[in-house]
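Notes for the one structure printed next.
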Amino acid sequence: MDSHAVATTADAHGHEHDHPAYLRHHFVSYEQQTETASFGMWLFLLTEIMFFGGLFTAYLIYRNWYYPAFVAGSHQLSITLGSFNTLLLITSSFTMAMGVWSAETKRHKGLVWSLIATLILGIGFLGIKTVEYKEKWEKHHIPGDTFSVQSFVNPSSDAEAKAAGDKPMGLDMARKTEVYFSLYFAMTGMHALHMIIGIALLCGMLFKAVRGGYMDGNIAFVENFGLYWHFVDIVWIFLFPLLYLISRHQ
Amino acid sequence: MGLSPVLWQFLVKWMVNFAIIPPEASKIASQVDALLVFMTLVSLVGLVLVGLLVTAFSILYRRDRNPVATQIEGSTLLEATWTIIPLGLFLVMFVWGSVLYFRIYTPPPNAMNIYVVGKQWMWKAEHPGGQHEINSLHIPIGKPIQLTLISQDVFHSFSIPAFRVKREAIPGRYTTVWFEATTPGTYHLFCTQYCGTQHSGMIGDIVVLTPENYKKWLDSSTSGVSLAQNGERLFASLSCNACHNGQPDSRGPSLANVYGSRLTLASGSPVLVDEAYLRQAILNPSAHITQGYAPIMPTYQGQVSEEGLISLVEYIKNLSSNYRVQQTLNTTELLPEQPDKVPGKTNGAPSAGAQGVAKP
Amino acid sequence: MSTIVSLPDQSTARVPKRNYLTNENGLLSWLLTGDHKRIAILYLISITFFFFIGGALAGVIRLELLTPQSDLMAADTYNKVFTMHGVVMIFLFLVPSVPATLGNFLIPIMIGAKDLAFPKINLLSWYLYLAGGAMTLAAMITGGVDTGWTFTTPMSTHFSNTNVITTGLAIFVAGFSSIFTGLNFIVTVHRMRAPGMTWFKLPLFVWAHYAASILMVLGTPVLAITLVLVVLERTIGIGVFDPTKGGDPILFQHLFWFYSHPAVYIMILPGMGVISEVISTFSRKRVFGYTAVAFSSVAIAVFGFFVWAHHMFIMGVSNYAVLVFSLLTMLVAVPSAIKIFNWAFTLYKGSITFETPMLYAFGFMGLFTIGGLTGVFLGTSGTDIHLTETYFIVAHFHFVMVGGMLMAFLSGIHFWWPKMTGRMYPEKISQLAAVVTFIGFNFTFFPQFLLGMLGMPRRYAAYPAEFQVLNVFSTAGASILGVGYLLPMIYLVWSLKYGAIAGANPWQATGLEWQIQSPPLTENFTTIPVVTQDVYDYEWLERQKEHEVTHVG
Amino acid sequence: MSEEFQNHDPNSGHTETEQHIVGPATYGIIFAALLVGTALTIGASYLEMGAWNPVVAILIACIKATLVVLFFMHIKYSSKLMKLTVGAGLFTFLILVGMSLSDYISRAWGQW
Ligand code: HEA
Ligand code: HEA
Ligand code: CUA
Ligand SMILES: [Cu+2]
């Protein structure tokens, strides 16, 4: 019974070595456990890529079909708010990265403050998003029964369209802006949903960090949350030019 | 004890009528069947081969006969063989099948066009002469026939097993298929794409007639107004001729001979004007601006039904000079009131002045 | 006929007292378990439940089709029945069938690990599955759905007034269960292998699951977002798939089949893994061309992503795209052919016995070959025009899914039953069941090929009278098939109490799972094994014989 | 996804590699680069470049995303397996988008 897999001894758990309390029983070492967790996280992010992939496919097709509608729709979005939000999100990604670094180097204060900053920036992002959504709601740009093409067939009636110098659009093309806004809401909505989930997790993590958590070297959660947060950031890095910046010169 | 009489009756009927392939009633059918037979043979060979190997080895090397197995790693040569041979056979099928596919979906230029509109749950065919029929299609033998299909609601699929053809009717887009019937008779027409409650009721007959009988049928079921004539009325009543009047100063381009030509769009890309393009030009004009014209044409979305569009398309297709348009222009008020002849066997399709204006 | 079964002396043998089943007691110890083996059992019970629901619905379908008219029920009801049959069978039975039960149970043991990488996620995936199942049942009870399992738009978004939303969300939730299972497997295979367990010492079962997991992880999310869009379209009326708003209904098909074609390989690959193990064991031989079989699994997984539009040949995709997708379909068929021939040649110079798992495996080989080759008929664009949307397709996919995967599932359940429960199933009656299933199956589904050739459309509640004879055959066959499936249900339960004690390795198989006691301990291995022997190393096993396996509990 | 078995670690049950810690300096530089990238995208969208506008926008976004993946997400310092995993995700994503688009693009070529 030397080198093969036969259960011979009754020593069920093999507690001969001393391992940290957070090492799960089925792992050999802590390295194995963290590597496993981060690999799992990355696979999860792959599913997220594919999840957004469906939306991006739809976006690319309709953008090519209904380019004028997409331009006009895009002019309805505020570049200022969009850019500011991009700034917030990138900064939050940075603070999150700093948070991971603080945890790695066991800086308690650093971790707590980084997480707080990330939290505030994330909430700020959602706040601005809400403002933007609200404006769409008021202008009847939410797809569905109440959708109105007024801003596009008659741009002079609409401040944003006028500012962007839009020309009146044929009714048929104007109606296609509904496709644009469908995608806008589907994509930013899914993104916002991910932000909300992220913020919920962040709160829990902050709570633990404040009470001295993550200082014992068991920082897999912080690292993996960081991956998630950066991923959400990347999605936005693409959404911003695709949705806000279609043909601003005109 | 014997078989129950009911079952017996079945079996007899079955033995008498046993068929594994529907009748071959179109030119393409025998070609498709040739490929089917080829594939069946290859498959049988493959299946028998696998079956033989398994059975033979099971007999030869069962434990009773061969108590100790001989370990074999594998054999690159053998494995290459059974990679390459099936691959080769599959590729033959692919090439052969693709040739057929392109043949079935590329109508010859001289084909006679019949429009088919699918809706929950019936098929409506519109012959160029204005004959409408529902859940049936009368066609002559010996003449290539192209179907231009569209659906008014969900996906349907126009399937004629005896012809080995089938094509999806898609909402919002024309699709085409063609065939040339060879044998007079009545064949099944099925809707094969699941389309809701009465999907299995969306069936009908394909009636293949000799040319003489077809002519008789045409005459007996004509409503007196051809598709193009109906289109002409629509053209007038929707005031298309306000812009497309062929005058040098007209706001819209002349539509005479536009069908089949190549236009250059404002974006610079060329397009071939076919039925689908004409339909799009009416519904989504601003997506297809012709070079040199302002995007002023209004959309007719929601104002014309699919049947109406078909009439308009057919009218524009047949427009070889602007003479008719100008005539229409002068008599706009009169035309829509033109009395209808009593429709023949049009299955009670309503016959207003110009058919196809969408009801509010 | 001789047999390789070697059971311990029944008069002295006992099922080990300490094992994963007896380790803890009480309902909660099951509902909160992190043990992959217990979760596998939970899955086994739930998928069996759904299989019988799906099977009952199939029975209703066949009864309705006994006569040409829709006399048993209204067309509407029929539509709901086959939709539910498809949804339940695919998402709640076949997709989780082998991976979530046998895969869950065996993968950690086969690679010498104590558990899957993420036990809690594994449990979560079962709860998600249950939630999805419950929602499906709720949708079914409160009026059903009538869109077909393919949810074709705009039918599903605007024209059906049934429970599309509930069902869509149910599949969404069940989809995440499948994603988590796949994710867990990939991580486990990469990270948890025992020392010495290299990639090419992995059993082919593990390779097959690894390949299927790739498909689950990368394919399922696309279905998820597609369903979300369908639900949004129904609720608030966004216009991504709506032709009246400028959306393209064909885009839905692209996205749906981007998942659902790979999904058919999710459904078959784990079954192929089972067949590799079974054929090797009962012919006492290493699988012929191990590497080729392993790589062909991965090739199927990778190429599986390139062929989805072969479900849309007549739906208005561009003809050039048809050309490309048809060609790629031919390519993806080849790795399956490789596997079939490699299995056949595994028998060559083997020492073959014919226990139940092997009979099912033979059934698999024959039926899957037929199903696969008729798949090639459909992948050939010219003939697909005639055959698509007819009973030919119905026959094709039942041959691969029922004749292929279900046979493989039954094969695997019988094969590993002694390991999972510590007891043998009764051999004679189970061989009978295997034969009955095979006969019933052919009776049920072979006539459907003929029906399809003749042009009978699928999803028809009523059909022209001339098709009746073949339909009667099919219905008659289905009743035989039903008996064939009920039998194992009965005798397997019976064997839990009365079956012979199996001992650790009744089949004299080489996998690591056979080297530990049956049923295994909760922690699988008391010490992590160091793997030195090769995979399917029967000589190593012979050498081991003298150290007869003992049990711990 | 499919290739990683070729360069596996036979002892992957015991990966003992010490984790590389990325420090604030790197993060700072990347952060700055991302800000610059954002500014560039916005600027570029006001320039008239015809068909190049979307290309430039996507290109900058890709660069930004790559930076985030490599440094914020530590892929530059991770094992080959991780790199392959990211690559596999990207590849499948491109298959989904690319092969779907191939249908839409080639629809315009012929009468179909
Ligand atoms: C387990 C599930 C499963 C599997 C494994 C397969 C495998 C295959 N399927 Fe199937 N398929 C389905 C489940 C499956 N399918 C389902 C559910 C549908 C219908 C969905 C719906 O519309 O509801 C469907 C529909 C479907 C279609 C769409 C038809 C249509 O809608 O018009 C096509 C078209 O190409 C197709 C093709 C194939 C091919 C080429 C394979 C190949 O992978 C098969 C490869 C195998 C072999 C080829 C056999 C082995 C070969 C040999 C032993 C060699 C023989 C020797 C010689 C040739 C010498 N399938
Ligand atoms: C894993 C997948 C799977 C499995 C196992 C099966 C199993 C069976 N299927 Fe199914 N089937 C599908 C997947 C599957 N099917 C799918 C995806 C569709 C397409 C749906 C769609 O179009 O949307 C379909 C469609 C489909 C149709 C076509 C319907 C139509 O297009 O109109 C038919 C018709 O014969 C059919 C029959 C059967 C039969 C006879 C079985 C038999 O193998 C089942 C045998 C099992 C039993 C008979 C159970 C035994 C136990 C009992 C019977 C308990 C008794 C209890 C009571 C009666 C209360 N199936
Ligand atoms: Cu129309 Cu089915
Ligand atoms: Cu497929």
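Protein chains in written order, with the working numbering: chain A, 465 to 714; chain B, 2 to 361; chain C, 432 to 984; chain D, 807 to 918. By construction, the Cβ of each residue, glycine as well, lies at the ideal position given by its N, Cα and C atoms.
Item	Value
Closer than 8 Å to chain A by CB, residue 835 (chain D)	no
Residue 829 (chain C) CB to nearest heavy atom of ligand 2 below 7 Å	yes
Minimum Cβ-Cβ distance from residue 652 (chain A) to chain D less than 8 Å	no
At least three beta-carbon pairs within less than 8 Å, the stretch 910-918 of chain C to the stretch 868-888 of chain C	yes
Segment limits, beta strand (DSSP E) that includes residue 192 (chain B)	186-192
Contact test: residue 685 (chain C) Cβ vs ligand 1 heavy atom, cutoff 7 Å	no
Residue 738 (chain C) beta carbon near ligand 4 (any heavy atom closer than 7 Å)	yes
Minimum length 4: unbroken alpha helix (DSSP H) runs contained in the stretch 835-904 of chain C	838-852 and 858-885
Separation of residue 843 (chain C) from residue 770 (chain C), as counted between CA atoms	18 Å
Beta bridge counterpart(s) of residue 27 (chain B) as assigned by DSSP	B:182
Cutoff 6 Å; reference residue 825 (chain C); Cβ partners in own chain excluding five residues on either side	879 and 889
Those residues which DSSP pairs with residue 148 (chain B) across a bridge	B:115 and B:178
CB of residue 318 (chain B) within 8 Å of CB of residue 183 (chain B), strictly	no
Where the beta strand (DSSP E) containing residue 661 (chain C) begins and where it ends	Note, residue 661 (chain C): premise wrong, no beta strand (DSSP E); alpha helix (DSSP H) at 635-666.
Residue 554 (chain C) versus residue 482 (chain C): straight-line alpha-carbon distance, rounded	21 Å
Chain B contact for residue 812 (chain C) (CB, 8 Å cutoff)	yes
Helix, strand or coil at residue 639 (chain A) according to DSSP, with G and I counted as helix	helix
is_contact[residue 634 (chain A), chain C] using C-beta, thresh 8 Å	no
Positions along the stretch 779-807 of chain C whose CB lies within less than 7 Å of some CB in chain B	779, 780, 781, 782, 783, 784, 793, 796, 797, 800, 801, 804 and 807
Secondary structure of residue 157 (chain B), DSSP reduced to three states	strand
Test: residue 287 (chain B) CB closer than 8 Å to a CB of chain A	yes
Neighbour list for residue 1030 (chain C) in chain D, Cβ cutoff strictly below 9 Å	Since the first residue shown for chain C is 432 and the last is 984, residue 1030 (chain C) is missing from the structure and cannot be characterised.
Min CB distance residue 502 (chain C) to chain B below 8 Å	no
Neighbour flag for residue 677 (chain C) against chain A, beta carbons, 8 Å	yes
Start-end ranges of the alpha helix (DSSP H) lying completely within the stretch 657-727 of chain C, minimum 4 residues	680-714
For residue 536 (chain C) and residue 467 (chain C), believed in contact at Cβ under 8 Å, the rounded distance	7 Å
Residue from C:689, C:540 and C:594 whose Cα sits closest to the Cα of residue 619 (chain C)	C:540
Spatial neighbours of residue 464 (chain C) in its chain, beta-carbon cut-off 7 Å, leaving aside the 5 residues before and after	470 and 554
Short CB-CB distance (under 8 Å) between residue 470 (chain A) and chain C	Any reading at residue 470 (chain A) needs caution, since the residue's pLDDT is 40, under 50, leaving its predicted position unreliable; the model's value is listed next. It does; some Cβ of chain C falls within 8 Å.
Closer than 7 Å: residue 764 (chain C) CB and nearest ligand 1 heavy atom	yes
Exposed unless 16 or more other CB atoms sit within 10 angstroms - verdict on residue 854 (chain D)	exposed
Residue 963 (chain C) versus residue 625 (chain C) - alpha carbon distance	10 Å
Beta-carbon proximity of residue 950 (chain C) to residue 450 (chain C), cut-off 8 Å	yes
Under 6 Å, CB to nearest heavy atom of ligand 4: contacting residues	C:692, C:695, C:741 and C:742
Ligand 1 heavy atom lying under 7 Å from the CB of residue 99 (chain B)	no
One or two residues paired with residue 169 (chain B) in a DSSP bridge	B:158
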